[in-house]
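Some notes on the structure that comes next.
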Amino acid sequence: MVKMHADEVETDAELVQRLIRGQFPQWADLPVERLASGGTVNAVYRIGAGLTARLPLTAGGVEALEREQRWLPRLAPVLPVTIPAVVGQGEPAEGYPLPWSVHRWIEGEGPVEGRVAEPELLARDLAAFVTAMRKVDLDDAPVAYRGVPLATVDTGTRAAMEELRHTDEPFDAEAAIAAWEESLAAPPWTGAPCWLHSDLMPGNLLVAEGRLTAVLDFSTAGLGDPACDLIVAWNLLPPSGRKVFRDALDADDVTWARGRGWALSMAVGQLPYYRHTNPIMSANARHVIRAILT
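The opening residue of the sequence shown carries number 1 in full-length UniProt numbering; numbering runs sequentially from there.
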């Protein structure tokens, strides 16, 4: 696996086996294998047939880990698809300096942009999940990572666009800036904040026979502007599914524009950072930019 972050902690299967042996001896004899992933926060290892270990790649991932440990058990009963279940909370050891966790394995395939088998059915399933998230009513909810006004990421988005302008990527900076400014001009959310997943990337979804079966990685979930959960319309769904998704959520023009802005901001930020280290993430970023600009 290629190192993505300057301060990334190195891990391997032997380390995870030692951690398991020392802290969860009931699983000590299970084989351990690192999973290829487009994820950027955790290294993920499969343990036997029924478990996964998630090890934060940097110290910044510890807060995300703790958020999941707290909220996954409370969200699971009120959502329409399977979400991860934490079955073990590991401690720093064996030279690995951070807390880590063990989740139950969830069967399913990760969908890939441009190769969605049942786009309209998947769009309805995604809309049902987003709707269920918005209806969650749990006390002491955190603020969603991307639940804030779009203007808060304006400076970073423009800087990323400028960086892309000076790469060999086929990037139309003027068209991207125009699309960004159109989204930025949409009035901000003035309703009550609602629960969001806020990171509905293809790598955080599982499907079977074209239908949504599970949603992963709730480390950025919390309260905020519901537009953020529209990003899946551009990072995964083709135009036909995009329309079904929008109609099912009854998203008005300004909410749709903010959602498109979040998708674009994420993509232009991801592409220059990950284009040499994370082919899954960078391919998706290119897909999003093409989908929005065309």
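Cβ atoms here follow ideal geometry from the backbone N, Cα and C, with glycine treated the same way. These numbers were taken from a predicted model, which means no experiment stands behind them.
- The beta carbons of glutamate 68 and serine 219 sit about 5 angstroms from each other, so the pair counts as a contact at 8 angstroms.
- In this structure, the alpha-carbon of glutamate 8 lies about 16 angstroms from that of leucine 65.
- Residues Leu15 of the same chain have their beta carbon placed closer than 8 angstroms to that of glycine 95, with the five preceding and five following residues left out of the count.
- Just so you know, the alpha carbons of proline 31 and glycine 48 end up roughly 5 angstroms apart.
- Segment contact: the region 208 to 217 against the region 113 to 129, three or more CB-CB distances shorter than 8 angstroms; contact assigned.
- The DSSP-derived three-state label of glycine 60 is coil.
- Sequence-distant partners of proline 92 (beyond 5 residues in either direction) whose C-beta falls short of 7 angstroms from its own C-beta, in its chain, are Leu98, Pro99.
- Straight-line measurement puts the Cα of alanine 214 at about 28 angstroms from the Cα of glutamine 23.
- Here cysteine 194 has Arg134, Leu223, Pro226 as same chain residues with Cβ atoms under 7 angstroms from its own Cβ, once five neighbours each way along the sequence are excluded.
- Across the structure, arginine 21 and serine 37 are spaced so that their CA atoms are roughly 24 angstroms apart.
- Listed in chain order, the non-local C-beta contacts of glutamate 182 below 7 angstroms within the same chain comprise Ala257, local neighbours out to five positions each way being set aside.
- Following the DSSP letters along the chain, one finds isoleucine 177 inside the alpha helix (DSSP H) bounded by residues 173 to 184.
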